[in-house]
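Here the structure comes first, spelled out in structure tokens, and everything after it is commentary.
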Amino acid sequence: MDLPMKVRLNTKKKRSRQHKRVLGHSIEERPIKVKQRQELGHWESDTVIGKKG
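Each residue of the sequence shown is one higher than the last, beginning at 1 in UniProt numbering.
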């Protein structure tokens with residue numbers, strides 16, 4: 001009895017976006033003056049926008 005040859009399935013490759021849009025600046029790129037925390041007024045916050053606003 002001959003077994004049929006196993007057919008290799010074409011797996012879909014994940015493609016990354018080549019021209020991904022950058023949203024804002026990274027927090028690691030902040031100035032040294034801000035990292036020292038000597039001045040008042042340099043605040044960081046996470047903004048999350050949901051369905052309800």
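Heads up, the beta-carbon is just placed ideally off N, CA and C, and yes, glycines get one too.
Quick caveat: nothing in here was measured; it's all calculated off a predicted structure.
Local conformation of residue i per DSSP, three classes
| i | result |
| --- | --- |
| E39 | coil |
| V34 | helix |
| I49 | coil |
Same chain only: Cβ atoms within 6 Å of residue i, ignoring 5 sequence neighbours per side
| i | result |
| --- | --- |
| S16 | none |
Other residues of its chain near residue i: CB distance less than 8 Å, five sequence neighbours each side excluded
| i | result |
| --- | --- |
| E39 | K33 |
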